[in-house]
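In what follows, a single structure is set out as structure tokens and then discussed.
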Amino acid sequence: MHTLSNYARSILLLLFTTLALPASATANTILIMGDSISAGYGVSTETAWVQLLRKRLDDTGLNQWSVVNASISGETTDGGARRLPDLISKHHPDIVVIELGGNDGLRGFPPDVIKSNLTAMIRDSQDAGARVLLVGMQIPPNYGPRYTRMFADLFPTLSDSYNTALVPFFMDGIYDQEGMMQQDGIHPSDDAQPKLLDNVWPALKPMLETENTTSVGS
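Under mature numbering (1 follows the signal peptide of the UniProt record, and there is no 0), the residues of the sequence shown are numbered -25 to -1, 1 to 193, in order.
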């Protein structure tokens, strides 16, 4: 009767260990659908908030999560809604972070159109089994109180309707603070990037530590 060599036994043990790894040990994916803020416009790659997120995941022992940044400068909710199905098919995300709407608001797009596009993104994500983190935005008051209020209300309303996680206001503690904005007055500076991450983290962190319990609203 033949016996296995030590080398063969080692190979078989390695193969068995790999096959026996629990599902939680495999990589999970966070897909970020954002505009220029999440694309890191005007800041160095190393300081951009999405890169800081990757570092925090490593530092906090959550390195089973990978981050796919599909953000594009100038992106609108319409563009995001068109791109998302292919990105879901390619990356199979467990969490989709939707940071869109700011450009729509600055261009004065109708709130119903913005809502429809965000709704499509939420539904596509949830239908694919992903949980959604909706990142709220606001626009300057010079657009008029009625429009600015309707725009700001889109995010908590959709979050309630579709049971998503919510960042109330992405730029909280940034837009009105000295040194936190670039010269254009629109994009956060390098110094603001840690604060952007801090604004997202309280809503995102619980999603990283819990199983997928998405329920689709109506």
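All C-beta atoms, glycine included, are put in the ideal place defined by N, C-alpha and C.
- Residue range P86 to D102 is occupied by the alpha helix (DSSP H) that includes V88.
- Its Cα nearest to that of G49, the residue R82 stands out among R82, P181, I114 and S91.
- A140 sits in a strand when the DSSP states are folded into three classes.
- Nearest in C-alpha terms to Q39, of all of W24, A2, L27 and Y16, is A2.
- The beta carbon of D165 sits closer than 8 Å to those of V18, S19 and T22, all from its chain and outside the five residues before and after it, given in chain order.
- Boundaries for V18: no beta strand (DSSP E) harbours it, and the DSSP string shows neither H nor E there.
- By the Cβ test, the region 71 to 81 is in contact with the region 107 to 122, since at least three Cβ pairs between them sit closer than 8 Å.
- In the three-state scheme derived from DSSP, where H, G and I count as helix and E and B as strand, I5 is classed as strand.
- Sequence-distant Cβ neighbours of L93 in its own chain, meaning closer than 6 Å and more than five residues away, are T52 and L133.
- Just measuring C-alpha positions, the residue of A45, Y150, R58 and E184 sitting nearest S11 is A45.
- If the five residues before and after A14 are omitted, its C-beta is found closer than 7 Å to the C-beta atoms of S46, I47 and S48, all from its own chain and listed in chain order.
- Our two residues, P169 and M155, have alpha carbons roughly 11 Å apart in a direct line.
- Relative to Q152, the option among P163, K65 and D33 whose CA is nearest is P163.
- Shown here, M125 sits in a helix according to DSSP, grouped into three states.
- Between L108 and I149, the gap from beta carbon to beta carbon reaches 8 Å or more.
- Residue ranges of uninterrupted alpha helix (DSSP H) with 4 or more members, entirely inside the region 144 to 186 and ordered along the chain, are 168 to 183.
- The criterion of a C-beta distance shorter than 8 Å is not satisfied by M96 and L141.
- DSSP, reduced to helix, strand and coil, places N44 within a strand of the structure shown.
- In this structure, the CA atom of R31 is about 36 Å from the CA atom of Y122.
- V25 is not bridged by DSSP to any residue.
- A distance of 8 Å or more separates the beta carbons of V43 and L28.
- The three-state reading of DSSP puts R31 in helix, counting H, G and I together.
- CA-to-CA, the gap between G9 and Y16 works out to about 11 Å.
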